[in-house]
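Student: After the structure tokens below, expect a handful of questions from me.
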């Protein structure tokens, strides 16, 4: 906690009340998440307790152990692997694909540039769910149903990344490029050696947003896969609805596994996320 | 020109190639003398084990055909079948429920079996008429019925004896009509600890949809008109059926409100004396060692006999190679010939010869339930039945749980059904 | 300087994004509309062109109208409450109390969780017998029961998700919990953009904190507010995951939302044309509503 220099205000009841409110609010917000982790560490017998206990005693890993050993009932490891592979692939592809497009939109001159960019931005306003059926049919036609291609490729065409990176690229001084140009660099070299390194912060922001979004995607992976082994964690977690609806410990354990990566990513890259959101809000 | 452009080009070309190569790989079928058949069904649990046994025997008796069975739980079964038929990967022989047949037959996804039947191995005369008829759509036949699973009355023999409901020989006597049923159920609804709520109920509603169809058919009614073009959910018969069901709960007080609880467990644990359920629930009762139960045809609650039923039908997809067609037909015939084996797992066969056999009569509950075959009521044959059923379900549930009056609930369901039928 | 024609180079740079964008964003929008003009059961040999008939049927569809009402109910519950909460939290964060970093994490954390985890977690919280909500309400009510037995029951056994009256509000509550943190950061950025001199001038003039907020902050926050409200409406009108997982549209269609209905028609009944039309009617409705919002909350310079 950094101590900032602030106006010396006399102690005021309203400020105290506000702080207390913030603290209570924070605890209430966190309560369900804490409850999820707590339940996942409780022995099965303690899960359904008339007097709910927040701190599990004893702490047990039996649910996690069960998930990882009973793969035929809950292929959690497979889902985890799928989620990692899909989220990382989407992130990598998005970085490549949107940075080149953003470079073209920000630095290259060609007819119709601005109109095309407006078209791209306009699609950000379209509710994504409306596209589910046509994209599903297109994916079927391509033969990508129930495959990693179907899970990954349709998810990399978001307009947010192009928008974000173009803003950032526009802020890079033209002189740097011109200097490189004079040195004999081609456009691709400029992109690769000048723009990208300078854009690391924006790329990092885009990467973290894309990763979290891809990891958490629920509807599309559910629609595009039919085999249980091809599903990602968010979809797999739903297995605890039918037959296993009473397996509360295992349910919370799977939910915990699904949430830990994005929570850790958020904690590490907080600044990037805050800045990224700020940029969207300000421009909007 | 400049190397950087060339590198650029190379990269994008390879990316595009990679994408194109991902566009589905097509496997060429291996040529061999053994025909492999992919057989899909949803028989999980004991049903699946029984079917596995039959399939294994078939494979050993037919060296030139190999049947590979895949069990897909009913919850996702129809999605997989539909997508397989639409986009490839469909099985070669599979099971459909009766009510699913219309939408697959109507879209020309199923193989018409008229030519194969004309050969004479399986004849109409061998089969009970209603299940056989249910395999037709618009004048053509698309399926062979494997079985019929009607609803019937399960009753707790011990509770009946304790209440003195027995025949001359001291055996528990199940009710045959509404008057006997209400009298028996009243005797069997007992409040042992005097807290106002009965601890033992005479009757319970389990699956509301099938119970309703039974009551409805006994009133001479139906969910849709004969040509399935009009909704009959607001007819006098539909209202009479639902009113009678709500009377069991509200007026005669012989059944609890069907909310939240797993009603079947109540019967399994001996807290409920009677229930109307399908023959397929038999295996779940056989596991209860302390439960003494028996089966009987549904009592006649209305002005005619009737009982909900469904059937598992054997079908093949329209696009099938000639040798798979022949092999599939052989397999289908084998399954039908051996449907006694299948019946032992908790089904009723539909082959007349098997129904008449002494071996079948040894299966007491199946035999009792099979007496209803001449008058079983299937769901209406309609491509939209899947859309209509949730409306009827919601109406029945709302009425029985006291959320809406029966006629209001049915009127709403009727309106929604009409809209769906107009969209056909 | 760069007098060469950059179009070929630009084309190369744009090619990968353009390919994916065309195939998976632009084409589906047009293809989807094309599908909606057909009667198309997925197994039908060929789709049948019926013009705008699907749209007429959708508008006359009892369940669709019900779904629109339920969705509107959801939006009306979630957007004002959610945005007010987000703004309140942002104001709180802007005060730079001790522990602001912790608060920021705590409030934003739900946002990085996926909808299925959120839904399944809250199903557990809303459980009639074992849920935390009923437990603590029961404890509070039990204490009051000693004082006013007729008003407060001894235990609390509300069936949050099983009762048609409480199902949708329950889903709205968990949606607010899930999304408040996202808008909070946007409002915070907006707040930080307000020039300090204006606020300090108002303080010197003797205005109370509340007066300062309404006179200075609120008007200058308009662009941010407009953005957040518009995006909230667009997002919440498409609610699907929570209702699909928790209630499937029930009980008695009390939580049937439009996208859920579209999903049921498209991936349940496989009536692709009809489902596409459902989606586009929603899209049109949201578009009109968004334009209305822009006019109403127009930024006054």
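Chains as they are written, first to last, in the numbering used here: chain A, 949 to 1232; chain B, 328 to 751; chain C, 125 to 425.
All C-beta atoms in this analysis are idealised placements derived from N, C-alpha and C, irrespective of residue type, glycine included.
No experiment lies behind these values; they were computed from the predicted model shown.
(1) So, at 7 angstroms on beta carbons, what are the nonlocal neighbours of residue 571/B in its own chain, with the 5 sequence-adjacent residues on each side left out?
(2) What residues from chain A crowd round residue 402/B, counting only those whose CB sits closer than 8 angstroms?
(3) So which of 1013/A, 972/A, 1009/A has the shortest CA-CA distance to residue 986/A?
(4) Quick one: list the residues of chain A neighbouring residue 406/B, beta-carbon separation under 9 angstroms, in chain order.
(5) May I ask you to report which of helix, strand or coil DSSP gives residue 259/C?
(6) Output yes or no for whether 8 angstroms exceeds the beta carbon distance between residue 363/C and residue 417/C.
(7) Identify the contact partners of residue 1018/A in chain C, using a Cβ-Cβ distance below 7 angstroms as the criterion.
(8) Are the segment 309-326 of chain C and the segment 340-348 of chain C touching, with three or more C-beta to C-beta distances below 8 angstroms?
(9) Where does residue 558/B fall in DSSP's three states?
(10) So residue 569/B contacts chain C; which residues on that side make the cut at Cβ distance below 9 angstroms?
(11) So what does DSSP say about residue 144/C, is it helix, strand or coil?
(12) Smallest Cα separation from residue 623/B: which of 593/B, 360/B, 697/B, 550/B?
(13) Residue ranges of each alpha helix (DSSP H) run of no fewer than 4 residues wholly in the segment 667-725 of chain B, ordered along the chain?
(14) If you draw a straight line from the alpha carbon of residue 1191/A to that of residue 529/B, how long is it in whole angstroms?
(15) Under a Cβ-count criterion, where at least 16 other Cβ atoms within 10 Å of its own Cβ denotes burial, should residue 433/B be classed as buried or exposed?
(16) Indicate whether at least one CB of chain A lies closer than 8 angstroms to the CB of residue 349/C.
(17) With DSSP as the reference, label residue 420/B as helix, strand or coil.
(18) DSSP on residue 351/B, reduced to helix/strand/coil?
(19) Could you list the residues in the segment 1008-1039 of chain A with a C-beta less than 7 angstroms from some C-beta on chain B, going in chain order?
(20) In whole angstroms, what is the alpha-carbon distance linking residue 200/C and residue 318/C?
(21) When you check each C-beta in the segment 141-156 of chain C against every C-beta of chain B, which residues fall closer than 8 angstroms?
(22) Between the segment 413-423 of chain B and the segment 361-369 of chain B, do at least 3 Cβ pairs fall closer than 8 angstroms?
(23) Residue 499/B lies in the alpha helix (DSSP H); which residues open and close that run?
(24) Would you list, in chain order, the members of the segment 1088-1106 of chain A that have their beta-carbon closer than 8 angstroms to a beta-carbon of chain B?
(25) Kindly indicate which three-state DSSP category residue 468/B falls into: helix, strand or coil?
(26) Thinking just about the alpha-carbon of each residue, which of 1070/A, 1007/A, 1002/A is nearest to the one in residue 150/C?
(27) Span of the alpha helix (DSSP H) holding residue 364/B?
(28) Using a 10 Å radius around the Cβ and a threshold of 16 neighbouring Cβ atoms, would you call residue 379/C buried or exposed?
(29) Using the beta-carbon count (16 or more within 10 Å), is residue 376/B buried or exposed?
(30) Kindly confirm or deny that the segment 603-622 of chain B and the segment 395-407 of chain B touch, where touching means at least three C-beta pairs closer than 8 angstroms.
(31) Using 8 angstroms as the limit for Cβ to Cβ distance, is residue 607/B near chain A?
(32) Could you pull the DSSP bridge partners for residue 602/B from this structure?
(33) Which of the residues in the segment 408-434 of chain B, read from start to end, lie with their CB under 8 angstroms from any CB of chain A?
(34) Which one or two residues does DSSP pair with residue 661/B in a beta bridge?
(35) Counting only Cβ pairs nearer than 7 angstroms, list the residues of chain C close to residue 714/B.
(36) Tell me whether the beta-carbon of residue 402/C lies closer than 8 angstroms to the beta-carbon of residue 221/C.
Tutor: Result, derived from the coordinates:
(1) Excluding sequence positions up to five before and after residue 571/B, its CB lies within less than 7 angstroms of the CB of 542, 628, all in the same chain and listed in chain order.
(2) 1190
(3) 1009/A
(4) One finds 1174 in chain A with Cβ atoms closer than 9 angstroms to the Cβ of residue 406/B, taken in chain order.
(5) helix
(6) no
(7) Here the premise fails: no neighbours, minimum Cβ distance about 19 angstroms.
(8) The count of Cβ pairs closer than 8 angstroms, one atom from the segment 309-326 of chain C and one from the segment 340-348 of chain C, reaches three, so the stretches are in contact.
(9) strand
(10) Result: empty, since nearest Cβ-Cβ is about 16 angstroms, beyond 9 angstroms.
(11) helix
(12) 697/B
(13) 679-683, 685-688, 691-697
(14) Their Cα atoms are separated by approximately 29 angstroms.
(15) buried
(16) Taking 8 angstroms as the threshold, the shortest C-beta distance from residue 349/C to chain A does not fall below it.
(17) strand
(18) Low local confidence applies: a pLDDT of 47 at residue 351/B is under 50, so the model's placement there is unreliable, and no value is given.
(19) none
(20) 29 angstroms
(21) 143
(22) yes
(23) In this chain, residue 499/B is not harboured by any alpha helix (DSSP H), its DSSP state being neither H nor E.
(24) 1088, 1090, 1091, 1092, 1093, 1095, 1097, 1101
(25) strand
(26) 1070/A
(27) Careful: residue 364/B lies outside any alpha helix (DSSP H), inside the beta strand (DSSP E) at 362-368.
(28) buried
(29) exposed
(30) no
(31) Chain A contact via Cβ: absent.
(32) 481/B, 531/B
(33) 410, 413, 414
(34) Paired residues: none, contrary to the question.
(35) For residue 714/B, the chain C residues whose C-beta falls within less than 7 angstroms of its own C-beta are 393, listed in chain order.
(36) no
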